[in-house]
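Visitor:
4 protein chains.
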Amino acid sequence: MISQSFTPSPTLKNADTLHAVAKALVADCKGVLAADESTGSIKKRLESVGKENSDDNRREWRDLMFTAEGPWKNSAITFEETLMKHNAQLSTRFKGTPLRDVIKKRGIIPGIKTDKGTNPLPRTEPEETTTEGLDGLLERSQDYYNAGVRFAKFRTTYVVTASTPSQLAIENNAEIQARYASTSQAAGLVPIVEPEVLCNGDFTIERSAEAHIAAYTHLFRTLTLHKVDFSDMILKASMVVPGDKSGKVATPEQVGAATLHMLSKTVPPLVPGIVSLSSGLSEKDALAYFNAINKLAKRDHSSASWKLSFSFGRALQGEAMKVWAETGDVKKTQETFLLRAKWCWEAAQGEYKGEAGEPSR
Amino acid sequence: MISQSFTPSPTLKNADTLHAVAKALVADCKGVLAADESTGSIKKRLESVGKENSDDNRREWRDLMFTAEGPWKNSAITFEETLMKHNAQLSTRFKGTPLRDVIKKRGIIPGIKTDKGTNPLPRTEPEETTTEGLDGLLERSQDYYNAGVRFAKFRTTYVVTASTPSQLAIENNAEIQARYASTSQAAGLVPIVEPEVLCNGDFTIERSAEAHIAAYTHLFRTLTLHKVDFSDMILKASMVVPGDKSGKVATPEQVGAATLHMLSKTVPPLVPGIVSLSSGLSEKDALAYFNAINKLAKRDHSSASWKLSFSFGRALQGEAMKVWAETGDVKKTQETFLLRAKWCWEAAQGEYKGEAGEPSR
Amino acid sequence: MISQSFTPSPTLKNADTLHAVAKALVADCKGVLAADESTGSIKKRLESVGKENSDDNRREWRDLMFTAEGPWKNSAITFEETLMKHNAQLSTRFKGTPLRDVIKKRGIIPGIKTDKGTNPLPRTEPEETTTEGLDGLLERSQDYYNAGVRFAKFRTTYVVTASTPSQLAIENNAEIQARYASTSQAAGLVPIVEPEVLCNGDFTIERSAEAHIAAYTHLFRTLTLHKVDFSDMILKASMVVPGDKSGKVATPEQVGAATLHMLSKTVPPLVPGIVSLSSGLSEKDALAYFNAINKLAKRDHSSASWKLSFSFGRALQGEAMKVWAETGDVKKTQETFLLRAKWCWEAAQGEYKGEAGEPSR
Amino acid sequence: MISQSFTPSPTLKNADTLHAVAKALVADCKGVLAADESTGSIKKRLESVGKENSDDNRREWRDLMFTAEGPWKNSAITFEETLMKHNAQLSTRFKGTPLRDVIKKRGIIPGIKTDKGTNPLPRTEPEETTTEGLDGLLERSQDYYNAGVRFAKFRTTYVVTASTPSQLAIENNAEIQARYASTSQAAGLVPIVEPEVLCNGDFTIERSAEAHIAAYTHLFRTLTLHKVDFSDMILKASMVVPGDKSGKVATPEQVGAATLHMLSKTVPPLVPGIVSLSSGLSEKDALAYFNAINKLAKRDHSSASWKLSFSFGRALQGEAMKVWAETGDVKKTQETFLLRAKWCWEAAQGEYKGEAGEPSR
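Residue numbers (my numbering), protein chains in the order written: chain A, 40 to 400; chain B, 40 to 400; chain C, 40 to 400; chain D, 40 to 400.
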């Protein structure tokens with residue numbers, strides 16, 4: 040990690056604390072659990088395993104994850120109701136405690152998703168997106184900080200075709216991410232900047248790399264323009280894969296090499312860490328690809344100064360949610376969840392040997 | 040150094056050879072001797088020690104440097120006449136051999152300055168500069184390649200005040216550097232991209248950092264736009280110092296921290312190496328600052344993936360030229376020159392302990 | 040005005056209606072009354088004449104303006120409560136009618152301010168601003184459209200010093216304006232894009248021109264990127280004046296020439312009209328400067344294709360509000376208000392001969 | 040045309056003279072004869088009519104054009120040898136006089152092509168181009184000025200496909216044009232900026248409009264950045280047509296509407312004039328399209344402040360060259376040439392009624 044001995048001007052108050060949180064988020068390959076599904080997103084997840092999207096079910100599911108005690112404790116990004124509204128019910132130890140306090144008591148760093156979702160950019164063909172959530176963001180972020188939150192997450196998305204991401208989408212989303220990041224830092228929150236290049240479409244892995252490079256290069260250039268401290272932020276990056284409608288499958292080694300090439304071309308060394316996202320990938324692929332990235336990074340051991348970690352949602356939650364829906368057995372569900380945490384931890388060291396769906400040996 | 044296992048598209052032929060040269064240029068702290076003074080620049084140097092700017096004197100001085108045999112052998116950037124016209128005369132071993140062949144026989148990687156110098160940007164206040172040299176550059180570069188040259192150097196300059204470098208200067212010079220770099224790579228030459236932020240003026244070290252960050256960020260963004268392979272290029276960077284008319288002096292530690300911060304914010308890890316330039320600095324300051332950069336980089340040992348080396352002109356040549364002018368003694372001159380090479384080599388490891396002007400202990 | 044016979048792709052539905060509204064807004068020099076003061080801004084105005092900022096007073100003041108019947112009927116930008124909440128009380132004819140319907144019945148085109156005010160851009164020195172209001176803008180705009188609103192207004196501001204507007208402020212505000220404009224057009228509202236270069240500070244008229252040119256050039260470039268139809272928008276532009284702390288006073292002719300030069304350098308002919316804003320200027324200066332612009336534009340009669348009109352707040356309302364506060368006399372107040380409308384109408388033709396504060400002859 | 044009463048800072052010396060030349064170039068629909076074919080281009084033209092590309096033939100052909108006396112006298116862009124080397128031979132009046140002096144004596148404003156042709160941009164797919172000619176441009180331009188030249192021309196080209204012109208080509212060529220234009224103005228030459236969107240390819244007229252808009256918007260934004268005086272320059276613009284391999288034919292009215300829409304969206308009113316180029320079009324189409332543009336501009340008579348004129352090469356020279364090659368009859372050739380000049384003059388007023396290949400009625 041890069042020395043902090045030079046203080047850029049104008050000084051950011053809380054820079055030291057922000058930097059400590061940023062480092063902690065990517066330390067020891069612990070990862071960041073993405074449990075920040077909006078009410079709409081969690082609905083899809085719950086319904087896919089046959090559960091109703093009730094307040095109770097959402098509460099129980101998150102309660103279950105945050106009270107699952109085991110060695111593989113992640114930081115966690117939450118959705119607003121988890122943080123501000125729900126109380127723990129399942130465990131004896133925490134019964135009645137607000138989940139927000141459960142998280143803090145267990146030494147998990149709490150974060151929150153502050154974006155308000157994507158929307159179409161008018162008159163784009165194919166349709167591209169922008170993200171909302173900047174109105175009143177400083178005040179909201181300060182409220183979250185006062186409630187104990189220490190980092191925030193904001194997601195923008197990019198559509199890949201022969202002619203997209205367009206310059207419009209690239210500039211618009213970079214501007215939005217940069218304003219979110221500088222506002223978060225001003226409020227004492229470490230921004231996790233998540234520019235997701237969607238894996239949906241008919242394109243090669245080379246085209247995906249190109250799209251990532253165009254989007255991320257402009258993003259970091261704009262973060263600099265907005266005076267964002269790179270030492271006090273985390274990048275949540277998509278992996279470089281062929282489009283899901285391309286009829287092509289890449290090996291984990293190809294995905295690892297392409298992803299590492301792309302990150303090394305776009306992410307300045309001052310950024311303390313990068314967490315991979317798994318959106319759109321199966322648990323199995325997410326683990327295999329992420330493992331390959333780390334294996335390669337380890338081999339070329341001076342390859343990058345940033346730490347590589349993960350921030351998975353479905354890859355950590357999916358199987359466990361199935362068990363929960365099928366059995367209702369809290370203990371079994373939590374074990375399933377913790378096993379995924381262990382696999383991710385192994386993959387973060389490039390040492391994941393098992394196979395998703397089966398215990399790793 | 041970053042893995043080369045992913046091939047970006049469209050493929051650059053010769054990528055492997057280019058990458059090998061780029062790595063060699065920054066390997067083992069050997070450094071790159073900047074002996075590419077144009078006829079106008081060498082005139083000033085020679086006259087400052089009381090020598091006439093004759094073809095003979097220019098030949099002899101360069102002959103002397105390129106035949107100085109010792110353990111600290113650098114790569115070398117040459118001016119066109121050195122490469123294409125002059126023969127060695129001084130040493131028995133190489134007498135009559137074109138300097139170009141002397142360089143190759145001694146295992147020095149030969150490079151050439153391909154820019155044609157800076158010119159004012161019309162209507163800028165204060166006056167800022169652009170650089171010429173792009174007309175016919177592909178053909179010239181191919182000719183140099185055929186003559187054995189393996190890398191090229193191109194310099195742009197930036198003026199620091201409260202309102203500069205202007206967006207105009209930043210964009211213009213980035214565009215020019217990027218076109219030079221992509222053209223060089225197309226011709227088989229590793230580009231040494233030299234965006235020099237001038238140290239002349241009345242500004243703080245923080246303002247220098249800010250100016251560097253603005254210029255270098257846009258530069259790398261534009262290199263990406265021009266599809267320059269970062270694995271196959273070198274950056275020649277200025278150090279972050281207070282302006283020479285600011286009345287302020289920075290400690291080597293401050294210069295080291297500010298320079299490393301700036302580089303870590305702007306230079307992607309895929310770039311194999313960065314060489315420091317010493318223009319405008321005394322031999323003593325150049326060595327002390329460069330040493331501090333490396334000491335700091337070593338301490339935070341994962342601080343960056345790129346190699347840090349040097350490409351000095353005056354700091355390597357200055358003292359030796361004085362000895363040559365005063366004594367005419369070839370051996371003594373070469374010893375003085377080689378001692379500077381040793382000091383630079385020590386500083387490149389953060390272990391320079393002596394003081395310029397005195398032997399290092 | 041420019042021919043609409045070519046349909047750019049992708050087609051904007053409602054383009055014809057939008058274009059008709061845009062043309063109507065700048066037709067016949069009628070002008071656009073800026074009565075869109077937020078609750079905070081109207082407070083300052085009311086208190087400056089000794090009136091309490093009560094819901095009643097706000098209602099009465101706006102009631103008074105919208106029911107003032109006379110030959111100089113403007114279009115009007117309103118604040119949300121005017122449009123969505125207040126009813127007319129003063130006139131026999133409209134008593135009890137929602138102001139929204141009064142406006143429509145009187146043939147005034149109703150508009151609404153959709154921005155949510157300016158906020159500081161973090162870490163800018165001097166402090167520069169961004170504007171909020173994009174979250175949920177499409178839905179809000181559609182609601183306004185359904186309530187009869189036909190145009191919207193969104194204001195961003197720029198601070199002028201030797202080093203600002205910064206590239207950050209220029210890019211951020213252009214991006215925001217462009218997204219507002221494309222969203223408004225998608226919802227059927229003609230966007231009045233208002234990039235106000237603030238007149239506060241110590242700068243020359245030449246520096247003001249330079250700042251305007253930098254900001255407006257990037258703005259129109261970004262409007263194009265966002266596929267905004269220029270035929271279906273209006274620009275609300277500040278006038279080019281020396282800073283109010285510069286100790287310099289420009290003649291109306293100088294302001295006219297500088298403003299017209301700036302607009303002719305930055306605003307494409309496809310834009311149907313430009314309305315001048317008077318913020319920060321006295322009633323007297325606003326009228327004199329605006330008159331000079333139109334006089335000059337008329338003399339060089341092919342000078343521009345866009346129509347030049349006005350969108351004044353204080354210059355139309357200020358004196359009338361004083362009369363209202365002092366006398367409570369509705370008729371006298373409305374006459375004062377209508378006289379300003381007449382003066383503005385004269386100035387829009389470059390024929391304003393009187394002096395603010397006195398009847399024009 | 041726009042008032043010049045405001046002087047932007049920093050002042051451009053010779054602004055008045057430059058502005059007078061710029062206005063003269065587009066006055067009275069006289070047009071600008073593009074006789075600046077490079078030695079390579081004129082070769083193709085000559086050989087297509089069966090003439091050898093000899094120095095003599097080039098001299099005679101240009102002699103013939105420049106001494107053709109008639110009412111439709113154009114300004115003229117020349118190639119370097121015409122201006123600096125060739126003497127008139129054909130006419131009694133001018134025999135032995137350098138063509139440069141013939142041009143001046145006949146009251147034709149002489150211009151020169153200062154670009155050095157297009158070259159590929161490395162690694163672009165499809166291959167896009169950049170233009171060379173900036174090295175030493177200030178000195179060359181000053182030499183031309185001293186030889187009596189009053190304007191210069193510089194051409195860049197853009198390739199249209201689904202994914203091009205790329206951001207790379209757009210930025211690179213805008214940067215080059217802007218530097219050419221500011222350098223020309225500094226040397227006292229009015230720049231004719233020629234960004235030609237090539238009509239070769241398989242694309243719709245809408246895609247052509249889109250490509251033009253993207254390229255020209257960025258061009259004018261960059262001309263502003265380079266402090267180019269818009270009052271003292273001319274734009275040489277391509278017409279918006281479907282690609283020649285699209286299998287689609289547009290009517291003159293469609294081309295006129297699309298071209299006027301595009302120009303009105305991108306060219307600020309301060310630019311005194313736009314000349315259309317005819318490259319790639321037949322004489323017949325060039326005349327019909329250009330006529331339609333002017334007819335439409337006249338109908339919507341306030342449509343634009345800039346003057347619309349033409350700068351044709353083949354459309355003026357093609358038929359005459361055939362006559363010359365076939366008959367060797369100077370008088371007949373000159374009559375053919377002058378008839379085209381008359382047609383163009385008619386079309387510039389939207390009143391061209393005849394058909395190319397036949398006398399206009």
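Just so it is clear, CB atoms sit at the ideal spot from N, CA and C, and this is done for glycine as well.
Taking Cβ-Cβ distances shorter than 8 Å, what residues in chain B pair up with C/A201?
Guide: In the third sequence, counting from the first residue as 1, residue 201 of chain C sits at position 162. A201, S202, listed in chain order.
Visitor: So what's B/P137 in DSSP terms, helix, strand or just coil?
Guide: What you label residue 137 of chain B is simply residue 98 of the second sequence in a count that begins at 1. Looking at B/P137 - three-state DSSP - the assignment turns out to be strand.
Visitor: Unbroken beta strand (DSSP E) runs of length 3 or more, entirely within the region 283-365 of chain C: which are they?
Guide: 312-315, 346-349
Visitor: Within 8 Å of any Cβ in chain G, is that where the Cβ of B/S348 sits?
Guide: As a matter of chain content, chain G is missing from the structure shown, whose protein chains are A, B, C and D.
Visitor: Who are the neighbours of D/D140 on chain B, taking C-beta pairs under 8 Å?
Guide: The sequence position of residue 140 of chain D within the fourth sequence is 101, counting from 1. Neighbours of D/D140 on chain B: none; closest Cβ ~30 Å, over 8 Å.
Visitor: Going along the chain, which residues of its own chain have a beta-carbon closer than 7 Å to the beta-carbon of B/V60, five neighbours each way excluded?
Guide: If you number the second sequence from 1, residue 60 of chain B lands on position 21. Same-chain partners within the cutoff: I148, R189, F190, V229.
Visitor: Going by DSSP in three states, B/L406 sits in which element: helix, strand or coil?
Guide: Coverage of chain B is limited to positions 40 through 400, which leaves residue 406 of chain B absent and any answer about it impossible.
Visitor: Any chance you could list the beta strand (DSSP E) runs of at least 3 consecutive residues sitting entirely within the region 147-217 of chain A, in chain order?
Guide: 149-152, 157-159, 168-170, 190-197
Visitor: Name the chain B residues that come within less than 7 Å of D/K52, Cβ to Cβ?
Guide: Counted from its first residue, the fourth sequence places residue 52 of chain D at position 13. Near D/K52 there are no residues of chain B at all, since even the closest Cβ is about 10 Å away, more than 7 Å.
Visitor: What does the alpha-carbon distance come out to for the pair B/P398 and B/L378?
Guide: By 1-based counting over the second sequence, the position of residue 398 of chain B is 359. By 1-based counting over the second sequence, the position of residue 378 of chain B is 339. At B/P398 the pLDDT is 39, less than 50, meaning the model places this residue with poor confidence; the figure from the coordinates comes in the next sentence. Their Cα atoms are separated by approximately 8 Å.
Visitor: Using the C-alpha atoms, what's the distance from B/E235 back to B/V199?
Guide: Residue 199 of chain B sits at position 160 when you count from the first residue of the second sequence. Residue 235 of chain B sits at position 196 when you count from the first residue of the second sequence. B/V199 and B/E235 have their C-alpha atoms some 11 Å from each other.
Visitor: Taking just the CA atoms, how far does D/P291 sit from A/Q293?
Guide: As a first step, residue 293 of chain A is located in the first sequence; it is residue number 254 there, counting from the start. As a first step, residue 291 of chain D is located in the fourth sequence; it is residue number 252 there, counting from the start. Looking at the two C-alpha atoms, the distance is approximately 53 Å.
Visitor: Rounded to a whole number of angstroms, what is the C-alpha to C-alpha distance between B/K361 and B/V88?
Guide: Numbered from its first residue, the second sequence carries residue 361 of chain B at position 322. Numbered from its first residue, the second sequence carries residue 88 of chain B at position 49. If you take the alpha carbons of B/K361 and B/V88, they lie about 6 Å apart.
Visitor: So, D/K83 versus D/P311, is the Cβ gap smaller than 8 Å?
Guide: Position 44 of the fourth sequence, counted from the start, is the residue given in the question as residue 83 of chain D. Position 272 of the fourth sequence, counted from the start, is the residue given in the question as residue 311 of chain D. Their beta carbons are not under 8 Å apart, which means D/K83 does not touch D/P311 by this criterion.
Visitor: Check this for me: beta carbons of B/G172 and B/K155, under 8 Å apart or not?
Guide: Working through the second sequence from its first residue, we reach residue 172 of chain B at position 133. Working through the second sequence from its first residue, we reach residue 155 of chain B at position 116. With respect to B/K155, B/G172 sits close: the two C-beta atoms are nearer than 8 Å.
Visitor: Rounding to the nearest angstrom, what Cα-Cα distance links C/H125 and C/I215 in this structure?
Guide: As a working mapping, residue 125 of chain C is identified with position 86 in the third sequence. As a working mapping, residue 215 of chain C is identified with position 176 in the third sequence. Cα to Cα, the separation comes out at about 30 Å.
Visitor: Whose Cβ in chain A lies nearer than 9 Å to the Cβ of B/H251?
Guide: Start at 1 with the first residue of the second sequence, and residue 251 of chain B comes out as number 212. Chain A residues near B/H251: none, gap ~11 Å exceeds 9 Å.
Visitor: For D/V288, count the other beta carbons within 10 Å of its own beta carbon; 16 or more makes it buried, fewer makes it exposed. Which is it?
Guide: As a first step, residue 288 of chain D is located in the fourth sequence; it is residue number 249 there, counting from the start. Its Cβ having fewer than 16 others within 10 Å, D/V288 is exposed.
Visitor: Please check the pair D/L122 and D/L138, which I expect to be a contact at CB under 8 Å, by giving their CB distance rounded to whole angstroms.
Guide: Translated into the one-based positions of the fourth sequence, residue 122 of chain D becomes position 83. Translated into the one-based positions of the fourth sequence, residue 138 of chain D becomes position 99. The Cβ separation is near 7 Å, so the contact holds.
Visitor: To which residues does DSSP link D/T117 through a beta bridge?
Guide: As a first step, residue 117 of chain D must be located in the fourth sequence, where it is residue number 78. Partner(s): D/A74, D/I151.
Visitor: Buried or exposed for B/A226, please, with buried defined as at least 16 other CB atoms from any protein chain shown within 10 angstroms of its CB.
Guide: By one-based count along the second sequence, residue 226 of chain B stands at place 187. The residue in question, B/A226, is buried, as its Cβ has 16 or more Cβ neighbours within 10 Å.
Visitor: Please confirm if C/Q206 has its CB atom under 8 Å from at least one CB of chain A.
Guide: Here residue 206 of chain C corresponds to residue number 167 of the third sequence, with the count starting at 1. C/Q206 counts as touching chain A.
Visitor: Would you check if the region 267-275 of chain A and the region 319-337 of chain A touch, i.e. whether three or more CB-CB distances between them fall below 8 Å?
Guide: no
Visitor: Excluding the 5 residues preceding and the 5 following C/P328 in the sequence, name in chain order all residues of the same chain whose CB lies nearer than 6 Å to its CB.
Guide: The count along the third sequence starts at 1 and reaches residue 328 of chain C at position 289. Residue identity differs from the one stated: residue 328 of chain C is Tyr in this sequence, not Pro. Cβ neighbours of C/Y328 beyond the five flanking positions: M278, P291, V294.
Visitor: Use the C-beta contact count for A/K266: other C-beta atoms within 10 angstroms, 16 or more gives buried, fewer gives exposed.
Guide: Stepping through the first sequence from its first residue, residue 266 of chain A is reached at position 227. Buried, because 16 or more other Cβ atoms sit within 10 Å of the Cβ of A/K266.
Visitor: Identify the residues that DSSP records as bridge partners of D/F275: which are they?
Guide: Taking the first residue of the fourth sequence as position 1, residue 275 of chain D is located at position 236. According to the sequence shown, residue 275 of chain D is Lys rather than Phe. According to DSSP, D/K275 bridges with D/V314.
Visitor: With a CB to CB cut of under 7 Å and the five nearest residues on each side skipped, what residues in its chain are close to C/T424?
Guide: Residue 424 of chain C lies beyond the residue range present for chain C, which begins at 40 and ends at 400; the question has no answer from this structure.
Visitor: If we cut at 8 Å on Cβ distances, does D/T263 have a partner in chain C?
Guide: By one-based count along the fourth sequence, residue 263 of chain D stands at place 224. Cβ-Cβ to chain C under 8 Å: yes for D/T263.
Visitor: Roughly how many whole angstroms lie between the Cα atoms of B/A354 and A/G389?
Guide: Translated into positions along the second sequence, residue 354 of chain B becomes position 315. Translated into positions along the first sequence, residue 389 of chain A becomes position 350. Distance between the alpha carbons of B/A354 and A/G389 is about 45 Å.
Visitor: What does DSSP give as the partner residues of D/E235 in its beta bridges?
Guide: Within the fourth sequence, residue 235 of chain D is the residue found at index 196, counting from 1. According to DSSP, D/E235 bridges with D/T196.
Visitor: Kindly indicate which three-state DSSP category C/N92 falls into: helix, strand or coil?
Guide: On the third sequence, position 53 is the one that residue 92 of chain C refers to. Correct three-state label for C/N92: coil.
Visitor: Relative to the C-alpha of D/I252, which candidate in C/P281, C/F118, C/L264 has its C-alpha closest?
Guide: In the fourth sequence, the residue the question calls residue 252 of chain D occupies position 213. The alpha carbon of D/I252 has as its nearest neighbour, out of C/P281, C/F118, C/L264, the alpha carbon of C/L264.
Visitor: On the three-state DSSP scale, how would you describe C/V229?
Guide: Counted from its first residue, the third sequence places residue 229 of chain C at position 190. Residue state, collapsed to three classes: strand.
Visitor: Determine whether the Cβ of A/L309 lies closer than 8 Å to any Cβ atom of chain B.
Guide: Translated into the one-based positions of the first sequence, residue 309 of chain A becomes position 270. Taking Cβ atoms only, chain B reaches closer than 8 Å to A/L309, which makes this a yes.
Visitor: Would you call the CB atoms of A/N118 and A/D55 closer than 8 Å?
Guide: Reading the first sequence from its first residue, position 79 is the one you call residue 118 of chain A. Reading the first sequence from its first residue, position 16 is the one you call residue 55 of chain A. It is worth fixing the name first, because residue 118 of chain A is Phe in this sequence and not Asn. The answer is no: Cβ separation not under 8 Å.
Visitor: Have a look at D/Q206, D/G150, D/D268 and flag the residue whose alpha-carbon is nearest the alpha-carbon of D/Y183.
Guide: Here residue 183 of chain D is taken as the residue at index 144 of the fourth sequence, counted from 1. Comparing alpha-carbon positions, the option among D/Q206, D/G150, D/D268 lying closest to D/Y183 turns out to be D/G150.
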